[in-house]
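Residue numbers 34 to 302, in my numbering, belong to the letters of the sequence shown in order.
To start, the structure under review is shown below, and the notes come after it.
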Amino acid sequence: MGEAIAESDVLLETMENGIAVMRLNRPSKLNALADATVDTIVALLDEVAASSARVLIITGNGRGFCAGFDLSLAATIELAEGEPEAAGWMRRQERYAGMVAKLRSIPQPVIAAVNGASCGAGFALALGCDLRIAAKSAKFNCAFIKIGMSSCDMGLSYLLPRCIGTTNAFELMLTGRMVFADDAQRLGIVSKVVDDEALMESAVALAQEIVANNMMGVWMTKRGMWANLDSSFDSAIELENRTQILIHGTGDLHRLASAGGFMEGAKKR
């Protein structure tokens, strides 16, 4: 294990194999998000982005991944002098949504290792990650609709339809029904369901598979995938062509080919 950094509500550990682990650390509240928690997550994501870490795993301490927005804060908002209340709430809204955008912008792939509840803002947090695996205890829902708000929040209306299709997304967003682990895998919210005690081991194994690949290739794959979700086919091809030539300049393709790396990989598969 490498260096561990504690930031009260969030813990960050960098493992020696290039894998960073971020743990939400408000277990008594099922890791619900407070304003300070969001600020810490964003700051630590910036730290990871600038580090030598190759993959980031996000999980929750205790019984939950993230139960969403801490509703004990729902009646309060800090306002500047003379600032309308709506403006204060907009600042908070942008603050939380910016956390999801930050997940997409860092170069490292992010794996959500979901244990227990992933609801509302916690669901958006998981969807903002590039990959998701779930413990059998995992459950997901669009909690906003259940408290009189819109389910279109923190990027969820963008991310969920692209993950499971518009029909399934509409059902979950309009009903707020809970989706349990096996159903989440069937829908495509997560790629794998494992026993709770095997969750982190499985997440680390997945991260190690990614770390084994070329760093530049992994980075360009993440950037290209997100960029091309909204691109035309021609634009997607153009971006792919440019990133392949860029990566070719690193020389890794030549080294692997010269060493017989492609043939060895094919034999193993």
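All C-beta atoms in this analysis are idealised placements derived from N, C-alpha and C, irrespective of residue type, glycine included.
Being a predicted model, the structure only gives us computed values, none of them experimental.
Backbone secondary structure at C99 - three-state DSSP: Position 66 of the sequence shown holds residue 99. Reduced to three states, the DSSP call for C99 is strand.
Contiguous beta strand (DSSP E) assignments of at least 3 residues, all confined to the segment 64-120: Unbroken beta strand (DSSP E) stretches of 3 residues or longer found wholly inside the segment 64-120: 88-93, given in chain order.
Backbone CA spacing between P140 and L160 [nearest angstrom]: Taking the first residue of the sequence shown as position 1, residue 140 is located at position 107. Taking the first residue of the sequence shown as position 1, residue 160 is located at position 127. When the Cα atoms are used, P140 and L160 turn out to be separated by approximately 17 Å.
Extent of the continuous alpha helix (DSSP H) run through I280: Sequence index remark: in the sequence shown, residue 280 carries index 247 (1-based). According to the DSSP assignment, I280 belongs to the alpha helix (DSSP H) that extends over 266-281.
Beta-carbon gap between S8 and T109 smaller than 8 Å: Given that the chain is displayed from residue 34 to residue 302, the structure contains no residue 8 and the question cannot be resolved.
Top-ranked residue by Cα proximity to G149, from I278, V212, L193: Residue mapping note: residue 149 aligns to position 116 of the sequence shown, counting from 1. The residue with the shortest Cα to Cα distance from G149 is V212.
CB of I197 within 8 Å of CB of I178, strictly: Indexing the sequence shown from 1 puts residue 197 at position 164. Indexing the sequence shown from 1 puts residue 178 at position 145. The answer is no: Cβ separation not under 8 Å.
Cβ-based burial, F102 [other Cβ within 10 Å; buried from 16]: Mapped onto the sequence shown, residue 102 falls at position 69. Buried, since its Cβ has 16 or more Cβ neighbours within 10 Å.
Nonlocal neighbours in the same chain, by C-beta distance under 6 Å from W252, ignoring five residues either side: Locating residue 252 in the sequence shown gives position 219, where the first residue counts as 1. Within the same chain, W252 has close Cβ partners P140.
Endpoints, the alpha helix (DSSP H) within which C196 is located: The residue you call residue 196 lines up with position 163 of the sequence shown. From DSSP, the alpha helix (DSSP H) with C196 extends over 189-197.
Closest residue to T73 among G93, N50, L45, R96 (Cα-Cα distance): Within the sequence shown, the letter at position 40 stands for residue 73. Considering only alpha carbons, the answer is L45.
Buried versus exposed, by CB contacts within 10 Å (16 or more), G181: In the sequence shown, counting from the first residue as 1, residue 181 sits at position 148. Looking at its Cβ environment, which holds fewer than 16 other Cβ atoms inside 10 Å, G181 is exposed.
Among E271, E230, E49, the one whose alpha carbon lies nearest that of K169: Locating residue 169 in the sequence shown gives position 136, where the first residue counts as 1. Of the candidates E271, E230, E49, the one whose C-alpha sits nearest the C-alpha of K169 is E230.
Stretch-stretch touch, CB-based, cutoff 8 Å, three pairs: the segment 59-74 with the segment 83-97: With the rule of 3 Cβ pairs closer than 8 Å, the segment 59-74 counts as touching the segment 83-97.
Distance CB(V88)-CB(I144) smaller than 8 Å: Stepping through the sequence shown from its first residue, residue 88 is reached at position 55. Stepping through the sequence shown from its first residue, residue 144 is reached at position 111. Cβ atoms of V88 and I144: closer than 8 Å.
Backbone CA spacing between S235 and Q241 [nearest angstrom]: One-based indexing of the sequence shown puts residue 235 at position 202. One-based indexing of the sequence shown puts residue 241 at position 208. The alpha-carbon atoms of S235 and Q241 are separated by roughly 10 Å.
Whole-angstrom C-beta distance between L239 and L158, which should lie under 8 Å: Looking up residue 158 in the sequence shown gives position 125. Looking up residue 239 in the sequence shown gives position 206. The pair is not a contact, with the Cβ atoms about 18 Å apart (cut-off 8 Å).
Candidates I52, F156, E127, Q277, of which the one nearest V75 by Cα: On the sequence shown, position 42 is the one that residue 75 refers to. Measuring C-alpha to C-alpha distances from V75 to each of I52, F156, E127, Q277 identifies E127 as the nearest.
8 Å Cβ cutoff, S105 in contact with chain D: In the displayed structure, chain D is absent; only one protein chain is listed.
Own chain, CB closer than 6 Å to V227, minus 5 neighbours either side, in chain order: Start at 1 with the first residue of the sequence shown, and residue 227 comes out as number 194. The beta carbon of V227 sits closer than 6 Å to the beta carbons of S235 from its chain, once the five residues preceding and following it are set aside; these are given in chain order.
Residues bridged to R56 [DSSP beta-bridge criterion]: As a first step, residue 56 must be located in the sequence shown, where it is residue number 23. L44, T92.
Under the three-state DSSP convention, the category N148 falls into: In the sequence shown, the residue the question calls residue 148 occupies position 115. It is coil, neither helix nor strand.
Minimum C-alpha distance to N247 - residue among D267, Q218, H281: If you number the sequence shown from 1, residue 247 lands on position 214. When the alpha-carbon of N247 is set against those of D267, Q218, H281, the nearest one is in H281.
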